[in-house]
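Mapping the sequence shown onto UniProt numbering, position 156 (from 1) lands on 156, and the numbers just tick up by one.
As C-alpha cells, the structure follows; a few thoughts come after it.
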Amino acid sequence: MSETRSEISQLGEFGLIDHISRDFSLKNTSSIKGIGDDAAVLSAGQDDFLLLSTDMLVEGIHFDLAYMPLHHLGYKAVAVNVSDIAAMNGKAEQITVSLALTNRFSVEAVDALYKGIHAACESYGVDLIGGDTTASPSGLVISISVTGRVQKDKVVYRSGAKPNDIICVTGDLGGAFMGLQILEREKQVYLADPNMQPALDSFEYIVGRQLKPEARTDVVSDLAEAGVQPTSMIDISDGLASELFHIGKNSNVGVRIFEDKIPIDQITFNTAVEFNLDPITCALNGGEDYELLFTISQADLEKIKNHPDIHMIGYVHDKANQHLMISKQGSIVPLQAQGWNHFAS
Ligand code: ADP
Ligand code: MG
C-alpha cells in the first residue's frame, strides 16, 4: 500500500478550498451560487435571494486574548460576518453563534463575549437565533454563520467586473495590520516587564482598526441611495491585492491601480515607517480592514465621485490576470497577492 502525504501549506488556503470544492456541484435549483464568493446565494421567494456565510475565529490564529478584550472579540466576530453579506450588496438578518470553550472561561468571560455580540446585533440590526456550545481541549473557537437578504436584481458577485469599470475602495487600508503590529509589540514589552504600561495612546486609531472593525453597511446604503449598482464587490479581509486577484480571476479581467490613489491614514503611514515597513505593502497585503472593494461602470462615477469615504484607485482592463500597479514614479509593478497563509509554517 503506497501512502502519499501532501502538505496543506503547499496548497494554501485558497488552493485548499479549490481542492475541496472540485468534486462538488450544485444539485438543487435553489442553490444559485455555492462556493466561491463572500456568501452563498439561495433562492428565497419571488423577489429576493437569501445570502448565507460563515466565518470561524480561532484563538492563537485570529486573535490573542492577551490584547483582545472579549467584548471586542464578540463584536468583531459578528462584524466580519455582516461584512461578507455587505459584500454581496445585501442586508444581514440573522446569526448563529457556535462556541468551543476551555474550562479557563468563566460565566463572566462568556458574558463579556456576548456583550460584544449583543452590541453588534443592535448596531447591524441582526437577530441572534441559535448556535452550539461545546468544550475545547485548548483555546477558544467562535464560529458564526449569518444570513442576509438582497433583491434579486441587486445581488453583486465577484464575477461582474467589466473592462473600463472603475475600481473603488472604501475607508483606508493597512490600519488593522499596523494596529496588530503595535499590539504585538506592546505585548512583548509587557511580557519582558509586567510593570510597563502599554503605550497605545497615539496609536488609538489603528489599534481600533484591529480590535473593532465595522462592516461597511453604510456604504451599501449610500450606493443604493445614489442609484449605483456595483458590477462586482468583495470585502477586504485578506488584503487589497489578494481581493483584486479574486475579482480579476472571477471576472476574467485584469486590474490597474495607482499607488498614489490607495487610501492610507497618516497614523498607519507613520507607524509603518517606524516599523521599517513600506506603507503601500501594508495597505496592499495587510488584512482585516473589512473595507469594501468594488467596481462600477464609468456611467456611475458622477453619482459617487464626491463621496468622502469612497476612493477611485484604478480601472479594469481586458487582459485577464494581468494585475498591475502604477507607482508614484510612473513605473509599472506587477501586483502580488500575498494574503494570509495560516498554513505556512
Ligand atoms: P471570505 O474571505 O469572504 O470569508 P473565504 O476565502 O473564507 O471567503 O472563502 C471563499 C469561498 O470558499 C466561500 O464561498 C466559502 O464558503 C468557501 N469555503 C471556505 N472554506 C470552505 C470549506 N472548508 N468547505 C467548503 N467551502 C469552503
Ligand atoms: Mg469576504
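Don't be surprised by glycine CBs; every beta carbon is placed ideally from N, CA and C.
*Option in Ile182, Ala299, Asp289 with minimal Cα separation from threonine 170*: The residue labelled residue 170 in the question sits at position 170 within the sequence shown. For the residues Ile182, Ala299, Asp289, the minimum Cα distance to threonine 170 belongs to Asp289.
*Tell me, please, whether the region 187-205 touches the region 262-279 by the rule of three or more beta-carbon pairs shorter than 8 Å.*
yes
*Which same chain residues, not among the five before or five after glycine 239, have their C-beta less than 7 Å away from its C-beta?*
Numbered from its first residue, the sequence shown carries residue 239 at position 239. Within the same chain, glycine 239 has close Cβ partners Leu284, Asn285, Gly286, Gly287, Gln338, Gly339.
*Classify glutamine 210 as buried or exposed, calling it buried when 16 or more other Cβ atoms lie within 10 Å of its own Cβ.*
Within the sequence shown, the letter at position 210 stands for residue 210. The residue in question, glutamine 210, is buried, as its Cβ has 16 or more Cβ neighbours within 10 Å.
*asked:* Suppose contacts are defined by Cβ-Cβ distances below 8 Å. Is alanine 79 in contact with alanine 215 by that definition?
replied: Locating residue 79 in the sequence shown gives position 79, where the first residue counts as 1. Locating residue 215 in the sequence shown gives position 215, where the first residue counts as 1. Yes, Cβ-Cβ distance for alanine 79 and alanine 215 is below 8 Å.
*What residues match up with arginine 5 in a beta bridge as DSSP calls it?*
For the purposes of this step, residue 5 is taken as residue 5 along the sequence shown, with counting starting at 1. Arginine 5 pairs with nothing; no bridge assigned.
_Suppose you measure from the CA of glutamate 291 to the CA of tyrosine 190; what does that come to, to the nearest Å?_
Position 291 of the sequence shown holds residue 291. Position 190 of the sequence shown holds residue 190. In a straight line, the C-alpha of glutamate 291 is about 31 Å away from that of tyrosine 190.
*Kindly provide the chain-ordered list of residues whose Cβ lies closer than 7 Å to any non-hydrogen atom of ligand 4.*
As for ligand 4, it is missing from this structure, which binds only ligand 1 and ligand 2.
*glycine 45 versus glycine 314: straight-line alpha-carbon distance, rounded*: Translated into positions along the sequence shown, residue 45 becomes position 45. Translated into positions along the sequence shown, residue 314 becomes position 314. Using only the alpha carbons, I get a separation of about 37 Å.
*Quick one: complete alpha helix (DSSP H) runs, 4+ long, within the region 87-138?*
Contiguous alpha helix (DSSP H) elements confined to the region 87-138 occur at 107-124, taking only those with 4 or more residues.
*Mind checking who glycine 151 pairs with in its DSSP beta bridge?*
For this step, residue 151 is matched to residue 151 along the sequence shown. For the sequence presented, residue 151 should be read as glutamine rather than glycine. Its beta-bridge partners are Asp48.
*Nearest-angstrom Cα distance between isoleucine 117 and threonine 4?*
Residue mapping note: residue 117 aligns to position 117 of the sequence shown, counting from 1. Residue mapping note: residue 4 aligns to position 4 of the sequence shown, counting from 1. About 43 Å.
_Report the start-end ranges of each beta strand (DSSP E) in the region 167-239 that is 3 residues or longer and not cut off at the edges._
Secondary structure within the region 167-239: the beta strand (DSSP E) runs of 3 or more consecutive residues, fully enclosed, are 232-235 (chain order).
*In whole angstroms, what is the alpha-carbon distance linking aspartate 218 and leucine 57?*
Working through the sequence shown from its first residue, we reach residue 218 at position 218. Working through the sequence shown from its first residue, we reach residue 57 at position 57. Distance between the alpha carbons of aspartate 218 and leucine 57: 24 Å.
_Can you confirm whether the region 111-125 touches the region 70-78 when touching is taken to mean that 3 or more C-beta pairs between the two stretches lie within less than 8 Å?_
Contact between the region 70-78 and the region 111-125 is present: three or more C-beta pairs spanning the two stretches fall below 8 Å.
*asked:* Going by the DSSP bridge assignment, what does methionine 68 pair with across the sheet?
replied: Working through the sequence shown from its first residue, we reach residue 68 at position 68. None; methionine 68 has no bridge partner.
*Bridge partner(s) assigned by DSSP for lysine 33*: Looking up residue 33 in the sequence shown gives position 33. Paired residues: Val41.
*Do residue 347 and valine 228 have their C-beta atoms within less than 8 Å of each other?*
For the chain, the structure presents residues 1 to 345; residue 347 sits outside this window and is missing.
*asked:* Can you find the residues in the same chain that come closer than 7 Å, C-beta to C-beta, to isoleucine 326, ignoring five residues on each side of it along the sequence?
replied: One-based indexing of the sequence shown puts residue 326 at position 326. Taken in chain order, the residues that qualify are Arg256, Phe258, Glu259, Ile332.
*With a threshold of 16 other CB atoms inside 10 Å of the CB of glutamate 274, please say whether the residue is buried or exposed.*
For this step, residue 274 is matched to residue 274 along the sequence shown. Result: exposed.
_Please report the distance separating the alpha-carbon of leucine 128 from that of isoleucine 142._
In the sequence shown, counting from the first residue as 1, residue 128 sits at position 128. In the sequence shown, counting from the first residue as 1, residue 142 sits at position 142. Each residue's Cα considered, the two are about 14 Å apart.
*Are the region 148-158 and the region 87-96 in contact at 8 Å, needing three or more beta carbon pairs?*
yes
*By Cβ distance below 7 Å, which residues in the same chain neighbour isoleucine 280 in space, the five residues on each side in sequence not counted?*
Here residue 280 is taken as the residue at index 280 of the sequence shown, counted from 1. Correct list, in chain order: Glu259, Ile262.
*Flag this pair as yes or no: are the beta carbons of residue 350 and alanine 161 separated by less than 8 Å?*
Given a span of 1 to 345 for the chain in the structure shown, any question on residue 350 remains unanswerable.
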